[in-house]
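Structure first, commentary second.
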Amino acid sequence: MSQKWNITLKVSRQKAGETPHFDEYKMEVDPDEYVLDAVERVWAFMDRSLCYRHACHHSTCGACGMRVNDVEKLTCITFIRDVTHNAGTLKVEPLRNFPVISDLAVDMGSLYSRLEEIGARSVLPATEAEIENPPSKWDPADQQYIRLADCLECGLCISACPSAATSSDYLGPAVLAGAQANGLKRNPELLEIVDTEDGVWRCHSAFECTAVCPSFVDPARRIMNLRSQIIKERFGNLFRKA
Amino acid sequence: MTETTTSKSISAPKSGENTWLWLIKILTGPLLLIILAIHLLVNHFLGETGLLTYADIIAYYRNPIIPAMEIVFLATVVTHSLSGLRGIILDLKPGRDVLKIIDWILVLLGISAVVYGTWLALTIASSGA
Amino acid sequence: MDNNNNQPTPGKFWTWFNPIGRQTGGWAFILNRITALGLLFYLSLHLIVLGQLAKGPAGYDGFVALMRNPISIIGELLVVAAGIIHGLNGIRIFLTTFGIGVTLQKQLFYTLMALALIIILVFGLRMFTAA
Amino acid sequence: MSKPQAIIVGAGFTGTATAHDLALRGFDVTVIDRGDICNGTSGRTHGLLHCGGRYAVKDQESAIECIDENILLRKIAPMAIEPNGGMFIALNESDMQYREDFISGCQACHIPIDEITPQQALALEPNINPKLLTAFLVPDGTFDPLRLALSFAASAKKNGARFRTFTEAKSLIMNGKGAVSGVNVVNRATNQKYELRADIVVNATGAWAGEIAEMAGSIVQVKPTPGVMVAYEPRFVQRALNRLNKPGDGDIVLPQRRMVVVGTTSFEVNELDYVPVLEEHVKIMLERGAELIPGIKHAKMRGKYMATRPLIGGGMGRGSARTFKCFDHKETDNVEGLVTITGGKATTLRAMAEKTADVVCEKLGIHSACVTKDVPLLSYRQYYVLPN
Chain Z
5 MSQKWNITLK
15 VSRQKAGETP
25 HFDEYKMEVD
35 PDEYVLDAVE
45 RVWAFMDRSL
55 CYRHACHHST
65 CGACGMRVND
75 VEKLTCITFI
85 RDVTHNAGTL
95 KVEPLRNFPV
105 ISDLAVDMGS
115 LYSRLEEIGA
125 RSVLPATEAE
135 IENPPSKWDP
145 ADQQYIRLAD
155 CLECGLCISA
165 CPSAATSSDY
175 LGPAVLAGAQ
185 ANGLKRNPEL
195 LEIVDTEDGV
205 WRCHSAFECT
215 AVCPSFVDPA
225 RRIMNLRSQI
235 IKERFGNLFR
245 KA
Chain U
129 MTETTTSKSI
139 SAPKSGENTW
149 LWLIKILTGP
159 LLLIILAIHL
169 LVNHFLGETG
179 LLTYADIIAY
189 YRNPIIPAME
199 IVFLATVVTH
209 SLSGLRGIIL
219 DLKPGRDVLK
229 IIDWILVLLG
239 ISAVVYGTWL
249 ALTIASSGA
Chain B
43 MDNNNNQPTP
53 GKFWTWFNPI
63 GRQTGGWAFI
73 LNRITALGLL
83 FYLSLHLIVL
93 GQLAKGPAGY
103 DGFVALMRNP
113 ISIIGELLVV
123 AAGIIHGLNG
133 IRIFLTTFGI
143 GVTLQKQLFY
153 TLMALALIII
163 LVFGLRMFTA
173 A
Chain L
274 MSKPQAIIVG
284 AGFTGTATAH
294 DLALRGFDVT
304 VIDRGDICNG
314 TSGRTHGLLH
324 CGGRYAVKDQ
334 ESAIECIDEN
344 ILLRKIAPMA
354 IEPNGGMFIA
364 LNESDMQYRE
374 DFISGCQACH
384 IPIDEITPQQ
394 ALALEPNINP
404 KLLTAFLVPD
414 GTFDPLRLAL
424 SFAASAKKNG
434 ARFRTFTEAK
444 SLIMNGKGAV
454 SGVNVVNRAT
464 NQKYELRADI
474 VVNATGAWAG
484 EIAEMAGSIV
494 QVKPTPGVMV
504 AYEPRFVQRA
514 LNRLNKPGDG
524 DIVLPQRRMV
534 VVGTTSFEVN
544 ELDYVPVLEE
554 HVKIMLERGA
564 ELIPGIKHAK
574 MRGKYMATRP
584 LIGGGMGRGS
594 ARTFKCFDHK
604 ETDNVEGLVT
614 ITGGKATTLR
624 AMAEKTADVV
634 CEKLGIHSAC
644 VTKDVPLLSY
654 RQYYVLPN
């Protein structure tokens, strides 16, 4: 157990129809706790009116994305130690680019419905999972392994993306990454969805999505790869027609 | 207060900033970088002080490659910058009709800039002849 | 007042330029967009000014003489710097787009910007000494 | 007569699954929760889709529930499940002594198991403790807790159920004749207070079931028993890894996305709304986890958390049965209109819902059979896509 810290938690508050404002909560924390623990304690002991989303508390569900000191974080795995200091403040705001339900809780319906529309897979064969250090040789039995995809659908990338801030039509990093994982070869119908001004070409290489992604998806790399796939497809079609 | 956002179906392409338009933008980039380097070096490092006076420029334009290069430079820079501008405008989510008008304006702007520049380059080149 | 409840809107275009909370690639994006808009503005001015050339030596040399004060030179240097930054940053975008150096985009950005700084210094020296 | 109306308090596993079941049986269902879906115990579940092997010796009733539901869930909710099986490994003599009981227990519960040699086990899972003495392959699985619940919620929504999240039950409305006829709620997102009325109120608040029952003057004997879990990177194993022995602390390691989760411990608390993650329990997870997978000792910790199991009935901690119970408060405390479902495990959520819906239907004199066994669930994303 480490030395306790006294911090000020600045929480963005907003009930329906209100303008957001900050409420401050002074609290004692263990620096090795997570930001979500601090938020949860505000609700449990200090202010029962606080609304926020959370479920798994270990980075598999993607519910607890928030902006912590202006940077998108999955709060359940963000150590307080890494984002503030003793006697410091911790500013917690809802993700950007999603309608706020209340306080820190946002409605991610737009992300989920787009992921659904492009048919992003929530589970996929382990052999396709792009594991960083894959076993040198997949066991034949591995071919049948199904695993949950890396993308937690947490929306951090969409909150961080500068292009997504002004255009609600932009599909956004998570959706494009899902399309890339599906592959254009296997899903040719995706070509007309991603090869548009609201698709891959709306990305301006800010790489903010990859910088904030808590789960190894690396959306920027996937968007770049999707571009290559599209260019290949388009040139291929050109020659096929000719 | 848990109305779900109405599922907004993925919008159909407006007018396609698609592969081709985008390839034009990205491929003119490196081309520009090369011509811009020449342009800057010539303007600032040629001779003692670079090209500063009217006479310098006229003399420089006497070589027919130069006006040709400047015209290519202009056409490339106009293409790159206007397609870039269109990209920025698209970030602002213009409506389909507005975008159509913007497209026409951009095309007209681009053509007139290139025509004007070509006329200018040829005028300068011929005034030295 | 954020009356559209935190949703994307064209009115938030200023957030493009907000560096708070952004990381390397985001700064690159900001630089790229500012220099793009700056260069576009300069390009239009440049074309108009060069029109003076068609009017013969008097008009143009008069204008050039007008531009030989330090403030104008700083302005000109800013344009050159914008061009260099935008151009070198473009290399990063070009390469990563075609799948080269995607995982090294941060290092790529810092290297290119260091290069840009050197080139800008050389140009700056030249422009002030030529004056 | 219009549809019978039901309010379900709690949008965790039992709440969403009961909503799905009741909606299929023609109920007009409203689910309320003071937070979003799965904000309590359900969301933080370990995520083991039990095959029952863990309970096959001591608690065969639970074990049989598990294997039956395991097979069903794989079929109806494939989008939330990693169906990669599991492995029980023995590491010492005490484990080996448990072997016989395990085999006969699994046979009694019809759990298909397959004993393999340590070499075979290591070929399948190279990162497990190489000193293992024997191993069994079992049909375990792993699920994503939130997505499993959302799948039930989405399917319920499609059949007309409404979800009022961030809506807290403040009190139960009594009709003056000792019967519950609705819930006074407050929408925490708008601070709006209003009444919801229904023919039946289902208390699906798990570890918090006592608090809701108390609003009607009823008592539910539920013993909230938190346990600590710790996630480590990377994904050391592809299968759920169990210690071949009596259920104990830190004897399960689950793969989840790019990590493994070691769980769990067992302690008792009074304050339910915030339970601290005890450092000494985190240490136990590290030690016990490293026994199963030595690599964990130097692995990067990704998250530490806890969830509060709702244990029912007698017994202490590990001794209590892991089965579930549906209380008709008419029978227990003569309070009409209120049913409480609690206990159980995530794996048995559908069965818990079936049982609850059966009780509700019987109470309201509705003859309608459960069909959830055969209805594939919608994609969890449909929960957000479908209108409320």
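Chains as they are written, first to last, in the working numbering: chain Z, 5 to 246; chain U, 129 to 257; chain B, 43 to 173; chain L, 274 to 661.
We put the beta carbon where it would ideally sit given N, CA and C, even for glycine.
What you are looking at is a predicted structure, and each value in this text was computed from that prediction instead of being measured.
ask   = Got a sec, what are the start and stop residues for the alpha helix (DSSP H) Trp232(U) sits in?
value = Indexing the second sequence from 1 puts residue 232(U) at position 104. Note, Trp232(U): alpha helix (DSSP H), 224-255.
request  = Report the rounded CA-to-CA distance for Ile150(Z) versus Asp368(L), giving the unit in angstroms.
outcome  = Translated into the one-based positions of the first sequence, residue 150(Z) becomes position 146. Translated into the one-based positions of the fourth sequence, residue 368(L) becomes position 95. Approximately 30 Å between the Cα atoms of the pair.
message = Taking the beta carbon of Ala42(Z) as the centre, do at least 16 other beta carbons fall within 10 Å, making it buried, or is it exposed?
response = One-based indexing of the first sequence puts residue 42(Z) at position 38. Looking at its Cβ environment, which holds 16 or more other Cβ atoms inside 10 Å, Ala42(Z) is buried.
ask   = If Leu94(Z) and Ile11(Z) are in contact, beta carbons under 8 Å, what's the gap, nearest whole angstrom?
value = On the first sequence, position 90 is the one that residue 94(Z) refers to. On the first sequence, position 7 is the one that residue 11(Z) refers to. Indeed, because the Cβ distance is near 6 Å, the residues count as touching under 8 Å.
ask   = Is there a Cβ from chain L that is less than 8 Å from the Cβ of Tyr116(Z)?
value = In the first sequence, the residue the question calls residue 116(Z) occupies position 112. Output row for Tyr116(Z): interface = yes.
query = How is the beta strand (DSSP E) around Asp301(L) delimited, first residue to last?
reply = Position 28 of the fourth sequence, counting from 1, holds the residue named residue 301(L). Looking at the DSSP string, the run of the beta strand (DSSP E) that includes Asp301(L) is 301-305.
ask   = So which of Pro98(Z), Leu108(Z), Leu160(Z) has the shortest CA-CA distance to Gly66(Z)?
value = Counting from 1 along the first sequence, the entry for residue 66(Z) is found at position 62. Here the closest residue by C-alpha is Leu160(Z).
key: Nearest residue (CA-CA) to Lys14(Z), options Glu120(Z), Val72(Z), Cys60(Z), Glu37(Z)   = Here residue 14(Z) refers to the residue found at position 10 when the first sequence is read from its first residue. Ranking Glu120(Z), Val72(Z), Cys60(Z), Glu37(Z) by Cα distance to Lys14(Z) puts Val72(Z) first.
ask   = chain B partners of Met31(Z), CB-CB under 8 Å?
value = On the first sequence, residue 31(Z) is found 27 positions in, with the first residue counted as 1. Going along chain B, no residue has its Cβ under 8 Å from Met31(Z), so there is no contact; the nearest lies around 23 Å.
inquiry  = My output table needs one value for Val608(L): the three-state DSSP class, helix, strand or coil.
reply    = Position 335 of the fourth sequence, counting from 1, holds the residue named residue 608(L). In this structure, Val608(L) counts as coil in the three-state DSSP scheme.
task = Given a cut-off of 8 Å, decide if Ala353(L) and Tyr657(L) are closer than it, judged by their beta-carbon atoms.
result = Position 384 of the fourth sequence, counted from the first residue, corresponds to residue 657(L). Position 80 of the fourth sequence, counted from the first residue, corresponds to residue 353(L). No. Outside cutoff.
ask   = Going by Cα to Cα distance, which pick from Gly483(L), Ala427(L), Thr407(L), Ile305(L) is closest to Glu468(L)?
value = Within the fourth sequence, residue 468(L) is the residue found at index 195, counting from 1. Glu468(L) has its Cα closest to that of Ile305(L), out of Gly483(L), Ala427(L), Thr407(L), Ile305(L).
inquiry  = To be precise: take each residue of the segment 61-72 of chain Z, compare its Cβ to all Cβ atoms of chain L, and keep it if any distance is under 9 Å. Which residues remain?
reply    = His61, His62, Ser63, Thr64, Cys65, Gly66, Ala67
ask   = How about Val493(L) and Thr613(L): do their beta carbons lie closer than 8 Å?
value = Position 220 of the fourth sequence, counting from 1, holds the residue named residue 493(L). Position 340 of the fourth sequence, counting from 1, holds the residue named residue 613(L). Taking 8 Å as the Cβ cut-off, Val493(L) and Thr613(L) qualify as a contacting pair.
query = In or out: Pro499(L) buried (at least 16 other Cβ within 10 Å) or exposed?
reply = Start at 1 with the first residue of the fourth sequence, and residue 499(L) comes out as number 226. Result: buried.
task = Could you give the DSSP three-state label for Val330(L): helix, strand or coil?
result = For the purposes of this step, residue 330(L) is identified with residue 57 of the fourth sequence, where counting begins at 1. Of the three classes helix, strand and coil, the one that applies to Val330(L) here is coil, per DSSP.
message = Please identify the residue among Trp481(L), Ala504(L), Phe361(L) whose C-alpha is closest to the C-alpha of Val533(L).
response = Numbered from its first residue, the fourth sequence carries residue 533(L) at position 260. Comparing Cα-Cα distances from Val533(L) to each of Trp481(L), Ala504(L), Phe361(L), the minimum goes to Ala504(L).
inquiry  = Can you look up Asp27(Z) in the DSSP assignment and give me helix, strand or coil?
reply    = Sequence index remark: in the first sequence, residue 27(Z) carries index 23 (1-based). Correct three-state label for Asp27(Z): strand.
message = By the three-class DSSP mapping on this structure, what secondary structure does Gly449(L) have?
response = Counting from one through the fourth sequence, the residue named residue 449(L) turns up at place 176. Of the three classes helix, strand and coil, the one that applies to Gly449(L) here is coil, per DSSP.
message = Which of the three DSSP states is assigned to Glu118(B) in this structure?
response = Numbered from 1 along the third sequence, position 76 holds the residue referred to as residue 118(B). Helix.
Top-ranked residue by Cα proximity to Gln149(B), from Gly67(B), Gly63(B), Gly53(B) = Here residue 149(B) refers to the residue found at position 107 when the third sequence is read from its first residue. Selected option, being the one with the closest Cα: Gly67(B).
task = Pick helix, strand or coil for Met197(U), following the three-state DSSP scheme.
result = What you label residue 197(U) is simply residue 69 of the second sequence in a count that begins at 1. DSSP places Met197(U) in helix when its eight states are reduced to three.
query = Between which two residues does the alpha helix (DSSP H) harbouring Pro208(B) extend?
reply = This structure does not reach residue 208(B), given that chain B is present from 43 up to 173, and the question cannot be answered.
ask   = Between Asp44(B) and chain U, is there a C-beta pair that is closer than 8 Å?
value = As a first step, residue 44(B) must be located in the third sequence, where it is residue number 2. The predicted position of Asp44(B) is uncertain, since its pLDDT is 48 and thus under 50; no value can be drawn from it.
request  = Go through its chain and collect everything with a Cβ distance to Ala181(Z)'s Cβ below 6 Å, but skip five positions before and after it.
outcome  = In the first sequence, the residue the question calls residue 181(Z) occupies position 177. Here the set comprises Val221, Pro223, Arg226.
task = For Lys556(L), collect the residues of the same chain with a Cβ closer than 6 Å to its Cβ; drop the 5 residues on either side in sequence, then sort them by chain order.
result = Counting from 1 along the fourth sequence, the entry for residue 556(L) is found at position 283. Result list for Lys556(L): empty, nothing under 6 Å.
query = So Glu388(L) is in the beta strand (DSSP E); what residue range does that whole segment cover?
reply = The residue you call residue 388(L) lines up with position 115 of the fourth sequence. Counting along the chain, the beta strand (DSSP E) containing Glu388(L) begins and ends at 387-389.
request  = Can you grab the Cα-Cα spacing for the pair Pro218(Z) / Asp86(Z), in whole Å?
outcome  = For the purposes of this step, residue 218(Z) is taken as the residue at position 214 of the first sequence. For the purposes of this step, residue 86(Z) is taken as the residue at position 82 of the first sequence. Approximately 14 Å, taken between the alpha carbons.
ask   = Alpha carbon to alpha carbon, what distance is there between Pro583(L) and Thr79(Z)?
value = Here residue 79(Z) refers to the residue found at position 75 when the first sequence is read from its first residue. Here residue 583(L) refers to the residue found at position 310 when the fourth sequence is read from its first residue. Each residue's Cα considered, the two are about 26 Å apart.
key: Nearest to Val495(L) (by Cα), restricted to the options Glu506(L), Pro385(L), Gly483(L)   = Taking the first residue of the fourth sequence as position 1, residue 495(L) is located at position 222. Nearest option by C-alpha distance: Gly483(L).
query = What is the DSSP secondary structure of Phe102(Z), reduced to helix, strand or coil?
reply = Stepping through the first sequence from its first residue, residue 102(Z) is reached at position 98. The answer is coil: DSSP assigns Phe102(Z) none of H, G, I, E or B.
Any C-beta of chain B under 8 Å from that of Leu234(U) = Residue numbering aside, residue 234(U) sits at position 106 when the second sequence is read from its first letter. Not closer than 8 Å to any Cβ of chain B, the Cβ of Leu234(U) fails to qualify, so no.
key: Cβ pair Ala252(Z), Phe439(L) closer than 8 Å   = With chain Z covering 5 to 246 only, the question about residue 252(Z) has no answer from this structure.
request  = Assign Val411(L) to buried or exposed, taking buried as 16 or more other Cβ atoms, counted over all protein chains shown, within 10 Å of its Cβ.
outcome  = The sequence position of residue 411(L) within the fourth sequence is 138, counting from 1. That one is buried.
task = Mind checking which residues open and close the alpha helix (DSSP H) that includes Val529(L)?
result = Indexing the fourth sequence from 1 puts residue 529(L) at position 256. Just to set this straight, residue 529(L) is Gln in the shown sequence, not Val. Unbroken run through Gln529(L) is the beta strand (DSSP E), 525-529; no alpha helix (DSSP H).
request  = Using a Cβ-Cβ cut-off of less than 8 Å, give me the residues of the segment 146-163 of chain U that come near chain B, in sequence order.
outcome  = Ile154, Gly157, Pro158, Leu160, Leu161
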